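Protein sequences, first through last, are from chains A and B. Using my numbering, you'd call the opening residue of the first sequence number 152 and step up by one each time. Using my numbering, you'd call the opening residue of the second sequence number -4 and step up by one each time.
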Amino acid sequence: MINDAAVADPAYRSFVSYIDKSRDFYAAHGYEHPYRWTTNDQSPFTSLRKPLAESRIGLITTALPLDLPDDVDLETLPIESTFALPLDPPPDRLFTQTRDWDKEATHTNDLDSFFPIHRLQELVEIGRIGSISPRFYGIPTEYSQRRTIESDAPQLLSLMRDDGVDIAMLVPL
Amino acid sequence: MSLAARHLESNGIPTVICGSARDIVEQASVPRFLFTDFPLGNPMGKPYDKGMQQEITGMALDLFEISRFPRTTVQTPFTWGDDQWRRDYMRVDNSNREELRRAGELRKMQQARRKAEGRIRSQ
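What follows is the structure in structure tokens.
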């Protein structure tokens, strides 16, 4: 059966639909109403105000700024919030266990595989970008879109403006 | 993340999202999206593959310069190596249906307890 082979199945779209997968997965958990994902047919757009070589970049993650072992009791974690924390020095690790990523296929032990701080520093050194914001940022992966729109996103904007950020790189896990 | 990108962009900060959940990001409509077709968890490149991470980070920056309009998706050229993860992640079939049902019950109990104890985000 072709589905058992470790190759893409030509009878299906090549990339995974996480909307389809998560809908079926949580239905199997007994959640009757499927999640209704953000759906828009238009997007805002802002052009660069200045060259990249003069721009300050802000890096945003969905990981948590906690140095905890992977097997920590998730029930003991603090309530999440939007944050900005100093990047000097960069964190040794970020906590990712509460996020839905593929814990069987891969791992997040290498920070730069999802939080490319050292790769960005290299690009600053060669002058590709002007600078990195002195702080990095995080926002919760919030079930409530209203809370993201009314609370987390405006807080994030305010934090980045405080730091004079020109461009933003957002890396969800 | 998509909603945050849209908010920043609307307020004058150009954004790029680097991710692996293509349908979710594209359905939300974002200004710039760099897609890497990997299992969720390493959207900036395979762990400890510095060369790949440099390429992907560089492509994300390039996107600021080459995009002329919103909803621009660029796909990186990298492949994971095998495709087993596409089938296995969040798999639901007869072998695990009962296990998932029980996990759901446990999860609902935990959610109810967190709510009762006030350990959820407030309005």
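Here a beta-carbon is modelled for each residue, glycine too, at the ideal position from N, C-alpha and C. Here the structure is a predicted model, which means the values were calculated and not measured.
Across the region 307 to 315 of chain A and the region 283 to 293 of chain A, are there enough close Cβ pairs to call them in contact, namely three or more that are closer than 8 Å? yes
S282/A touches chain B at which residues, Cβ-Cβ below 9 Å? Neighbours of S282/A on chain B: none; closest Cβ ~13 Å, over 9 Å.
Grab me the residues of M54/B's own chain with a C-beta within less than 7 Å of its C-beta, minus the 5 sequence neighbours each way, in chain order. L29, V69, T71
Let's see if you can read the secondary structure: which residues bound the beta strand (DSSP E) around I208/A? 207 to 212
At 3 residues or longer, what runs of the beta strand (DSSP E) sit wholly inside the region 62 to 88 of chain B? 67 to 70
Mind checking R27/B: buried by the 16 CB within 10 Å criterion, or exposed? buried
Whose CA, out of L101/B, L58/B, L95/B, lies closest to the CA of M320/A? L58/B
Answer yes or no: do I208/A and L271/A have a C-beta to C-beta separation smaller than 9 Å? yes
Amino acids of chain A, ordered along the chain, whose beta-carbon sits closer than 7 Å to that of F59/B: L199, L203, I318
For T233/A and S198/A, I'd like the C-alpha separation in whole angstroms. 26 Å
Identified DSSP bridge partners for V322/A: T212/A
Does the CB of M104/B have a neighbour CB from chain A at under 9 Å? no
By the 10 Å Cβ neighbour count, where 16 or more other Cβ atoms means buried, how is P161/A classified, buried or exposed? exposed
Smallest Cα separation from E226/A: which of A107/B, S24/B, P65/B, G14/B? A107/B
In terms of residues, what are the limits of the alpha helix (DSSP H) holding P229/A? Where P229/A is concerned, there is no enclosing alpha helix (DSSP H), given that its DSSP letter is neither H nor E.
Residues of the region 3 to 21 of chain B in Cβ contact with chain A at a cutoff of 7 Å, in chain order, please. L3, E4, S5, N6, G7, I8, P9, T10, V11, I12, C13, G14, A16, R17, D18, I19
Proximity to Y182/A [Cα-Cα], best of A98/B, R116/B, Q48/B, N37/B: A98/B
Inter-stretch contact (C-beta, 8 Å, three-pair minimum) for the region 1 to 20 of chain B and the region 37 to 57 of chain B: yes
By alpha-carbon positions, which one of A0/B, K45/B, R102/B ends up nearest to H180/A? R102/B
Would you check whether the ligand NAD has a heavy atom nearer than 8 Å to the C-beta of Y43/B? Among the components modelled here there is no ligand, and therefore nothing to report on the ligand NAD.
Which residues in the same chain as S(-3)/B place their Cβ atom closer than 8 Å to its Cβ, once the five residues preceding and following it in sequence are excluded? I12, I19, V20, A23, S24, V25
Less than 7 Å between C-beta atoms, sequence neighbours within five positions excluded: which residues of the same chain meet that for W188/A? I170
Cβ shell of Q296/A (< 7 Å), same chain only, five flanking positions each side left out: T189
Minimum Cβ-Cβ distance from E276/A to chain B less than 9 Å: no
With a threshold of 9 Å between beta-carbons, can A23/B be considered close to chain A, or not? yes
Test item: CB-CB of K254/A and M85/B under 9 Å: no
Looking at C-alpha atoms only, which residue of S165/A, D175/A, L324/A is the closest neighbour of V87/B? D175/A
Within the same chain, show all residues whose beta-carbon is closer than 7 Å to that of R200/A, passing over the 5 residues directly before and after it, in chain order. D317
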